[in-house]
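**Student:** Below are the structure tokens for one structure; questions will follow.
Protein chains: 2
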Amino acid sequence: MSAEIICVGTELLLGSILNSNAQFLATQLASMGISHYYQTVVGDNPSRIKQVVEVAISRTEDAAKQAQLLIFTGGLGPTPDDLTHETLADFFGVKLIEHPEIVADITNKYAQRDRLMTPSNRKQALLPQGAEVLPNESGTAPGVIWEPRPGLIIFTFPGVPSEMRQMWRHCIPYLQSRGFGRELIYSRTLKFWGIAESALAEKVAPFFDLSNPTVAPYASLGEVKLRLSALATSIAQAEEIVQPVAEQLKLIAGKHYFGADDDTLASVVGQLLLGLGQTLSVAESCTGGGLGQMLTTVPGSSQYFLGGVISYDNRVKTSLLKVDSQDLAAKGAVSATVAEQMALGVKNLLGTTWGLSITGIAGPDGGSDNKPVGLVYIGLAGENSQVRSFEFRFGATKDRALIRHLSLCTALNCLRYQLLEA
Amino acid sequence: MSAEIICVGTELLLGSILNSNAQFLATQLASMGISHYYQTVVGDNPSRIKQVVEVAISRTEDAAKQAQLLIFTGGLGPTPDDLTHETLADFFGVKLIEHPEIVADITNKYAQRDRLMTPSNRKQALLPQGAEVLPNESGTAPGVIWEPRPGLIIFTFPGVPSEMRQMWRHCIPYLQSRGFGRELIYSRTLKFWGIAESALAEKVAPFFDLSNPTVAPYASLGEVKLRLSALATSIAQAEEIVQPVAEQLKLIAGKHYFGADDDTLASVVGQLLLGLGQTLSVAESCTGGGLGQMLTTVPGSSQYFLGGVISYDNRVKTSLLKVDSQDLAAKGAVSATVAEQMALGVKNLLGTTWGLSITGIAGPDGGSDNKPVGLVYIGLAGENSQVRSFEFRFGATKDRALIRHLSLCTALNCLRYQLLEA
Numbered sequence: 004m005s006a007e008i009i010c011v012g013t014e015l016l017l018g019s020i021l022n023s024n025a026q027f028l029a030t031q032l033a034s035m036g037i038s039h040y041y042q043t044v045v046g047d048n049p050s051r052i053k054q055v056v057e058v059a060i061s062r063t064e065d066a067a068k069q070a071q072l073l074i075f076t077g078g079l080g081p082t083p084d085d086l087t088h089e090t091l092a093d094f095f096g097v098k099l100i101e102h103p104e105i106v107a108d109i110t111n112k113y114a115q116r117d118r119l120m121t122p123s124n125r126k127q128a129l130l131p132q133g134a135e136v137l138p139n140e141s142g143t144a145p146g147v148i149w150e151p152r153p154g155l156i157i158f159t160f161p162g163v164p165s166e167m168r169q170m171w172r173h174c175i176p177y178l179q180s181r182g183f184g185r186e187l188i189y190s191r192t193l194k195f196w197g198i199a200e201s202a203l204a205e206k207v208a209p210f211f212d213l214s215n216p217t218v219a220p221y222a223s224l225g226e227v228k229l230r231l232s233a234l235a236t237s238i239a240q241a242e243e244i245v246q247p248v249a250e251q252l253k254l255i256a257g258k259h260y261f262g263a264d265d266d267t268l269a270s271v272v273g274q275l276l277l278g279l280g281q282t283l284s285v286a287e288s289c290t291g292g293g294l295g296q297m298l299t300t301v302p303g304s305s306q307y308f309l310g311g312v313i314s315y316d317n318r319v320k321t322s323l324l325k326v327d328s329q330d331l332a333a334k335g336a337v338s339a340t341v342a343e344q345m346a347l348g349v350k351n352l353l354g355t356t357w358g359l360s361i362t363g364i365a366g367p368d369g370g371s372d373n374k375p376v377g378l379v380y381i382g383l384a385g386e387n388s389q390v391r392s393f394e395f396r397f398g399a400t401k402d403r404a405l406i407r408h409l410s411l412c413t414a415l416n417c418l419r420y421q422l423l424e425a
Numbered sequence: 004m005s006a007e008i009i010c011v012g013t014e015l016l017l018g019s020i021l022n023s024n025a026q027f028l029a030t031q032l033a034s035m036g037i038s039h040y041y042q043t044v045v046g047d048n049p050s051r052i053k054q055v056v057e058v059a060i061s062r063t064e065d066a067a068k069q070a071q072l073l074i075f076t077g078g079l080g081p082t083p084d085d086l087t088h089e090t091l092a093d094f095f096g097v098k099l100i101e102h103p104e105i106v107a108d109i110t111n112k113y114a115q116r117d118r119l120m121t122p123s124n125r126k127q128a129l130l131p132q133g134a135e136v137l138p139n140e141s142g143t144a145p146g147v148i149w150e151p152r153p154g155l156i157i158f159t160f161p162g163v164p165s166e167m168r169q170m171w172r173h174c175i176p177y178l179q180s181r182g183f184g185r186e187l188i189y190s191r192t193l194k195f196w197g198i199a200e201s202a203l204a205e206k207v208a209p210f211f212d213l214s215n216p217t218v219a220p221y222a223s224l225g226e227v228k229l230r231l232s233a234l235a236t237s238i239a240q241a242e243e244i245v246q247p248v249a250e251q252l253k254l255i256a257g258k259h260y261f262g263a264d265d266d267t268l269a270s271v272v273g274q275l276l277l278g279l280g281q282t283l284s285v286a287e288s289c290t291g292g293g294l295g296q297m298l299t300t301v302p303g304s305s306q307y308f309l310g311g312v313i314s315y316d317n318r319v320k321t322s323l324l325k326v327d328s329q330d331l332a333a334k335g336a337v338s339a340t341v342a343e344q345m346a347l348g349v350k351n352l353l354g355t356t357w358g359l360s361i362t363g364i365a366g367p368d369g370g371s372d373n374k375p376v377g378l379v380y381i382g383l384a385g386e387n388s389q390v391r392s393f394e395f396r397f398g399a400t401k402d403r404a405l406i407r408h409l410s411l412c413t414a415l416n417c418l419r420y421q422l423l424e425a
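First to last, the sequence lines map onto chains C and X. Residues in the first sequence are numbered consecutively from 4, following the numbering used here. Residues in the second sequence are numbered consecutively from 4, following the numbering used here.
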């Protein structure tokens, strides 16, 4: 079986809302092993909706033979521009039939809210002849499960995400009764930092030819990912397929690999610190507190993260972090020396195993030929007050938010490398 | 002209990411008055991409006559599954041409980050013959502006949202030079904090019946918005339509209104501090540095934001912020008393006009009957060391990230109210 998701709604074409329904349905189809090659968005317009249906059922590869599933969201409401059921009935040449039990259900739901059902709501009880009711427990617009011709299954859902998600649950047993969802697609995402997508892709290029699991690279905001997807009949079987390939990829990537799926640099650093029984404090200049925030997104981070100093102004660097004012004047706030003194200063001030600092030029102003926007120093003070610093140039064309984000992740990654060696 | 948005990427079909690019492009097309009837998502598969192009250019109503714009996102990266330019060149029967200036640009961007360009990156310099380069300032994958046949315009963008948005700016003058965007939809968004969407909606209900400008309410993560949209032939005319309505709405909302469009609570607080010549420091517990980060998202914030202390651990509260250890033991870290002492402590430590503090229970653990998850205290110390505190209960069912976000915005809003009175 292959599926197509068709989202109906002019509000999607105007960009008023984000199409989260398509994403939800996509994950559901993937988890049931139902292939899905296209998604279409179309406005509340009968002739365009019909054209989209025509295109969907004539997609070359499906025309061949296999069963097809068309999933519609939107256009089931009470207003005149809600036209999905009407248009589908017209397209397949059947009538709309009023379902008395739906009229009763709508009347009842209105009564519960001390309101009277309006005539326009009655429209929602009209479904294409031959279609089965797909009940909507929380809203007033039911959908349908309908096989208008052999081998073609249609589901319709309202556009309201919470209602759609609830109604999807009824579709799962239906699909299983038709033999789908016995095979599942299981995905694991491996995450890497400190290596470019292209460099990692070259190292692992032969893996891209695998068919089960498939391996595909992604990158966003400096983080590189490899997604392994396996087709299997059970989670356990899928894990057996994925595991050995994942292990090989980790081995090739070495220290650049930091975690999988929901792991973040902050959570991984936290786990390493917990394992070593060590603590951390931070001193931040251009990131203004973002490192502390990122570390404390992890519940339970108070076990290893004690706090820190936001030394946005240079006076805070000298007074609280004991940065030498002569060094500050001679080398500038954005320098290896100051990064090191900040890291050592906060480590001493808070009495932690590690002190991690960031000082840099996030832009858009403040750059010079010598010290361009994107120049960032990370300082790291550790046991026996040994201090190191690292210089990064993230590029003067990047925007402030991205430079700050890269600085935060890179700082955590510097610490991660050190902890791995411990 | 009519447009179609075609998003290429298997990750969209797997539901791994939300299609925010389609939404952004939809709003841009709407604002320029360019009709747009369909959006399509297709995987990284040449034959399916070609099929989608075939369908798009044969849509009945366009075949008639009018110029057509196809906007592609995704598939411009360096890996083997990035196939958009290759597939389009093949579809329209032209060659891919290597652009030396792009090779130079990619090499340069890699050099800035102290990395070597890999051979696979060179692929990104291959564009369909006859296509104009659509430069990508922050990333390595350029797009194209291309008219492969008369009346058919193609734009391609990488899938990375930040890069795509930046590149779109180059497309606006191109479209205007072709006569589009003469009638425009102009929107202004008024932003409010400290009032529920339903409460604001009731106060301004009569405005929802206006037709030019239209007024529509939105809410997300505690921020309530009213979007005013005007149809006009020039920005100046649109502003004349929007301005008087905006003024009435601001008057009705009073102090809850904080800014418009790109204004944020952090930028508005910054403007108020700058105007008064005052400075700010922060002391953060459950938000771990997020308040400092939010304040420093604003370029130039160093003029009024000096820094702060992340007192995640109680020892930092007592040692650096001089919170009284007996009070801490008696009242607990999440208490009005501790919030006030933190605010005063950081104000004294950094010598600022204002000290702003947050202490609370962000969850998921750490709540009790008496002090549930979502309980947050904001402390504010001001001139003459006057200190106030504010208690908020954001609700124990909210997740950690949302409670922290609401805490940050609410803290800034508390300060904003005080600054408005100054």
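Don't be surprised by glycine CBs; every beta carbon is placed ideally from N, CA and C. Remember, predicted model here, so these are calculated numbers, not experimental data.
Counting contacts by CB-CB distance shorter than 8 angstroms, is C:Ala333 in contact with chain X?
**Tutor:** Using a CB distance cut-off of 8 angstroms, C:Ala333 does not count as an interface residue toward chain X.
**Student:** Please report the distance separating the alpha-carbon of X:Arg407 from that of X:Gly262.
**Tutor:** C-alpha separation (whole angstroms): 22 angstroms.
**Student:** If the cut is a Cβ gap below 9 angstroms, which residues of chain C does X:Val163 touch?
**Tutor:** Ala222, Ser223, Leu224
**Student:** Please report the straight-line C-alpha distance between X:Leu17 and C:Ile238, rounded to a whole angstrom.
**Tutor:** 17 angstroms
**Student:** I'd like to know whether the C-beta of X:Ser314 is nearer than 8 angstroms to at least one C-beta of chain C.
**Tutor:** yes
**Student:** If you reduce the DSSP assignment to three classes, tell me which class C:Ile105 lands in.
**Tutor:** If DSSP states are grouped into helix, strand and coil, C:Ile105 belongs with the helices.
**Student:** Across which residues does DSSP place X:Leu405 in a beta bridge pair?
**Tutor:** According to DSSP, X:Leu405 bridges with nothing at all.
**Student:** Give the single residue among C:Val44, C:Ser214, C:Leu352 whose Cα lies nearest to the Cα of C:Asn22.
**Tutor:** C:Val44
**Student:** Put C:Pro302 into one of helix, strand or coil per three-state DSSP.
**Tutor:** coil
**Student:** Using the beta-carbon of each residue, which ones in chain C are nearer than 7 angstroms to X:His173?
**Tutor:** Residues of chain C passing the Cβ test: none, with the nearest at roughly 14 angstroms.
**Student:** Buried or exposed: which applies to X:Arg396, given that a residue is buried once 16 or more other Cβ atoms fall within 10 Å of its Cβ?
**Tutor:** Burial is judged here by how many other beta carbons sit within 10 angstroms of a residue's own beta carbon; X:Arg396 has fewer than 16 and is exposed.
**Student:** Using a Cβ-Cβ distance under 8 angstroms, would C:Val45 count as near chain X?
**Tutor:** yes
**Student:** Just to confirm my understanding: we take X:Lys401, look at its own chain, exclude 5 residues before and 5 after, and list those with CB closer than 7 angstroms. What are they?
**Tutor:** Closer than 7 angstroms at Cβ, skipping near neighbours: Gly377.
**Student:** Less than 8 angstroms between the CB atoms is what I'm expecting for X:Val390 and X:Leu347, so what's the real figure, rounded?
**Tutor:** 5 angstroms
**Student:** I think X:Ala235 touches X:Tyr189, with their Cβ atoms under 8 angstroms apart; what is that distance to the nearest whole Å?
**Tutor:** 6 angstroms
**Student:** Could you check which residue in X:Gln115, X:Glu200, X:Glu166, X:Tyr221 has the C-alpha nearest to that of X:Glu140?
**Tutor:** X:Glu166
**Student:** With DSSP as the reference, label C:Ser34 as helix, strand or coil.
**Tutor:** Helix.
**Student:** Under a Cβ-count criterion, where at least 16 other Cβ atoms within 10 Å of its own Cβ denotes burial, should X:Leu353 be classed as buried or exposed?
**Tutor:** buried
**Student:** Taking the straight line between their C-alpha atoms, what separation do you get for C:Val58 and X:Thr87?
**Tutor:** Between C:Val58 and X:Thr87, the C-alpha separation is close to 21 angstroms.
**Student:** Could you check where the beta strand (DSSP E) with X:Pro367 kicks off and where it finishes?
**Tutor:** Taken as a continuous stretch (DSSP letters only), X:Pro367 belongs to no beta strand (DSSP E), as it is neither H nor E.
**Student:** Please decide whether X:Gly426 counts as near chain C, where near means a Cβ-Cβ distance under 8 angstroms.
**Tutor:** The requested residue 426 of chain X is not part of the displayed model; chain X covers only 4 to 425.
**Student:** In the DSSP assignment, find the unbroken beta strand (DSSP E) run with X:Pro151 in it and report its ends.
**Tutor:** 146-152
**Student:** Could you tell me the distance, in whole angstroms, from the CA atom of X:Thr143 to the CA atom of X:Glu101?
**Tutor:** Straight-line Cα distance between these residues: approximately 14 angstroms.
**Student:** Could you check if C:Gln3 is buried or exposed, using at least 16 other CB atoms within 10 Å of its CB as the buried criterion?
**Tutor:** This structure cannot speak to residue 3 of chain C, because chain C is shown only from 4 to 425.
**Student:** Buried or exposed for C:Thr340, going by 16 or more other Cβ atoms inside 10 Å?
**Tutor:** buried
**Student:** With distances taken between CB atoms, is the gap from C:Ile364 to C:Val326 smaller than 8 angstroms?
**Tutor:** Result no, Cβ atoms of C:Ile364 and C:Val326 do not sit closer than 8 angstroms.
**Student:** If you draw a straight line from the alpha carbon of C:Asp47 to that of X:Glu135, how long is it in whole angstroms?
**Tutor:** 35 angstroms
**Student:** Return helix, strand or coil for C:Leu415, following the three-state DSSP convention.
**Tutor:** When DSSP states are grouped into helix, strand and coil, C:Leu415 belongs to the helix group.
**Student:** Which residues of the segment 115-129 of chain X have a Cβ closer than 7 angstroms to any Cβ of chain C? Give them in chain order.
**Tutor:** Gln115, Arg116, Asp117, Arg118, Thr121, Ser123, Asn124
**Student:** Any chance the segment 73-89 of chain X sits against the segment 109-128 of chain X, with 3 or more Cβ pairs inside 8 angstroms?
**Tutor:** yes
**Student:** Excluding the five sequence neighbours on either side, which residues of its own chain have a C-beta within less than 8 angstroms of the C-beta of C:Ile105, listed in chain order?
**Tutor:** Gln127, Ala128, Leu130, Val136, Pro145
**Student:** State whether the segment 68-82 of chain X contacts the segment 146-156 of chain X, with contact taken as three or more CB pairs (one from each stretch) at a distance under 8 angstroms.
**Tutor:** yes
**Student:** Does the segment 166-177 of chain X come close enough to the segment 223-231 of chain X that 3 or more CB-CB pairs lie under 8 angstroms?
**Tutor:** no
**Student:** Just the C-alpha distance for X:Glu394 and X:Phe210, rounded to the nearest angstrom, thanks.
**Tutor:** 34 angstroms
**Student:** Which residues in the same chain have their Cβ closer than 6 angstroms to the Cβ of C:Ser232, if we skip the five residues on either side of it in sequence?
**Tutor:** Ile188, Ser190, Pro216, Thr217
**Student:** Please name the residue in X:Thr192, X:Met120, X:Leu298, X:Gln344 whose C-alpha comes closest to that of X:Glu242.
**Tutor:** For X:Glu242, the closest of X:Thr192, X:Met120, X:Leu298, X:Gln344 by C-alpha to C-alpha distance is X:Thr192.
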